[in-house]
Amino acid sequence: MTEEQQQIRDLAREFAEGELRPHADQWDRDAAFPREVIGKLGELGFLGMLIPEQYDGLGLDTATYLVAMEEIARGDASVAVAMSVHNSLPTQMILAHGTEEQKERWLRPMARGEWLGAFSLSEPDAGSDAASMAAHARKTDGGWVLNGAKAWVTNGGVGDVVVTMVRTDTPDARRGAKGIGAFIVPTTTEGYSVGKKEDKMGQRASETVGISFHEMFVPDDQLLGDPSQGFIYALQGLDNGRLGIAALSVGIAQAALEHSLRYADERKQFGNAIRGFQGMQFKLANMATRIEAARALLFRAAAAKDAGEPVSRLSSMAKLFASETAMYVTTEAVQVFGGYGYVKEYPVEKLFRDAKVTEIYEGTSEIQRTVIARELYR
Ligand code: CAA
157 MTEEQQQIRD
167 LAREFAEGEL
177 RPHADQWDRD
187 AAFPREVIGK
197 LGELGFLGML
207 IPEQYDGLGL
217 DTATYLVAME
227 EIARGDASVA
237 VAMSVHNSLP
247 TQMILAHGTE
257 EQKERWLRPM
267 ARGEWLGAFS
277 LSEPDAGSDA
287 ASMAAHARKT
297 DGGWVLNGAK
307 AWVTNGGVGD
317 VVVTMVRTDT
327 PDARRGAKGI
337 GAFIVPTTTE
347 GYSVGKKEDK
357 MGQRASETVG
367 ISFHEMFVPD
377 DQLLGDPSQG
387 FIYALQGLDN
397 GRLGIAALSV
407 GIAQAALEHS
417 LRYADERKQF
427 GNAIRGFQGM
437 QFKLANMATR
447 IEAARALLFR
457 AAAAKDAGEP
467 VSRLSSMAKL
477 FASETAMYVT
487 TEAVQVFGGY
497 GYVKEYPVEK
507 LFRDAKVTEI
517 YEGTSEIQRT
527 VIARELYR
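Residue numbers (the working numbering): 157 to 534.
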């Protein structure tokens, strides 16, 4: 790590230990998103890490951002996913495809953490097959009128700005993945409504909602780039997003390992600390080794991204490997704790639940394997 990365890691760690860990269980129990924490993350610059300084961001590289993401997730994965979505998807899509006017207007408050961003691609009937979406935009004077229902939107209610993908083609001239546009939509727009809040297994404090658009007018200057390219922009965004989720997964796994190491040292059975037993040593060694491998793959992908190389394959590999590592490590952590691992009073039960969704959101493990296999033949 560079000196700057170490400083940012320390800052993120201090924040996670002081502001997140002490409250994470309560937020989990209440399924309550700590909006006030977002303001603090913004003050520290964690919501503008990848936004250039000219738009009030920190202009850092991907690797440094991922160092911070791992630490925040080590504190609480629900806060981390809100941070990941904001940093990797809407802001990066505006940065990559927005006009200068759009960047000035939207990125500054988002970089400062005054506006929290969301990303809306999925629909109730269009998950892995995202291009089969049905929500649509009808061209009208000076803008577009959006109608339809979207699903699984992180920050869709508590957030301020959503980048949403909807069809811009017409029913009699469907263009598949090339008939979708990306729109920048404030959540206060007339016709924007927040539906069901999901009652989730894990990452319960992050807000996941359905949203719907009813005759929602969006002016032309809130269309991002080319109205037929929104799906491509979203997939490019997900190349970034999946790196964030990979770092988040490593953070969950690292937390589970640390709790396990401490517990195996303190817990005595048969007259000895259980860490003295070979069965326990093998577990702890496997957990630590997989975490190091996941982190190494993640930083290999980050280096490729920062060097401007194509990153889809490595990003999917990092997300796949890190999320399955998080699930493996947290499952083993529950086993290390025995009965105490299965109850809410001890920390690994929550980490186990928090890990599961990393194999699902921003593309399931099966979709990551599909992307990797396709890229191998490209
Ligand atoms: N970057 C740029 N372009 C890309 C691309 C990428 N990473 N991947 C594909 N494309 C291009 C393709 O080249 C193609 O263009 P051409 O026809 O010109 O070659 C076009 O995009 C369409 O691609 P595909 O034909 O591959 O599209 P597809 O319909 O077969 O789908 C998929 C591909 C990989 C399955 C994709 O749909 C996918 O990733 N699905 C999973 C969706 C997902 O991750 N959803 C998560 C939503 S967000 C979330 O989880 C909630 C949250 O808030 C955390």
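The C-beta atom is built at its ideal place from N, Cα and C for all residues, glycine as well.
On a predicted model such as this, the values are computed, not experimentally measured, just so you know.
Residue i versus the options, residue with shortest Cα-Cα distance
i	options	result
D462	L206, P178, D186, K196	L206
I250	W262, V241, S240	W262
A444	Y484, K424, S471, G432	Y484
G519	A172, S284, A474	S284
M239	F426, D184, A403, S368	A403
K439	A458, G494, N428	G494
L305	V322, N311, V492, A224	A quick correction: the sequence has Ala, not Leu, at residue 305. Among V322, N311, V492, A224, the Cα nearest to that of A305 is on V322.
E480	E192, R456, S521, H179	S521
Q162	A188, L222, L453	L222
Y348	D355, E354, K356, F339	F339
M357	R534, V513, G174	V513
P342	F369, H415, A361	F369
E159	G213, L176, G204, A219	A219
E363	Q410, E371, G315	G315
A233	K500, G313, A411	A411
D510	A429, S405, Q359, R446	Q359
For residue i, the residue or residues it bridges with in DSSP
i	result
G337	V322
Q425	N428
Y348	F369
N303	H292
G273	V317
K353	V365
T310	T364
L251	Its beta-bridge partners do not exist; DSSP assigns none.
A282	E279
Q385	I336
A329	T326
L380	A338
V374	W300
Residue i CB to nearest heavy atom of the ligand CAA below 7 angstroms
i	result
T526	yes
S479	no
I207	no
D285	yes
T345	no
Q359	no
Y533	no
E518	yes
T310	yes
F339	no
I408	no
Q392	yes
I150	Only positions 157 to 534 of the chain appear in the structure, and residue 150 is not among them; the question remains open.
A489	no
A333	yes
D382	no
Beta-carbon separation (whole angstroms), residue i vs residue j, contact threshold 8 angstroms
i	j	result
G337	A293	6 angstroms
A168	I228	6 angstroms
V374	L470	Rounded, the Cβ-Cβ distance is 34 angstroms, inconsistent with contact.
S384	R431	S384 to R431, Cβ: 58 angstroms. No contact.
M266	V317	7 angstroms
Distance cut-off 7 angstroms: residue i Cβ against heavy atoms of the ligand GDP
i	result
E279	Summarising the ligand content, the structure contains the ligand CAA and does not contain the ligand GDP.
Chain D within 8 angstroms of residue i, Cβ atoms only
i	result
L206	Protein chains in the displayed structure number just one, and chain D is not present.
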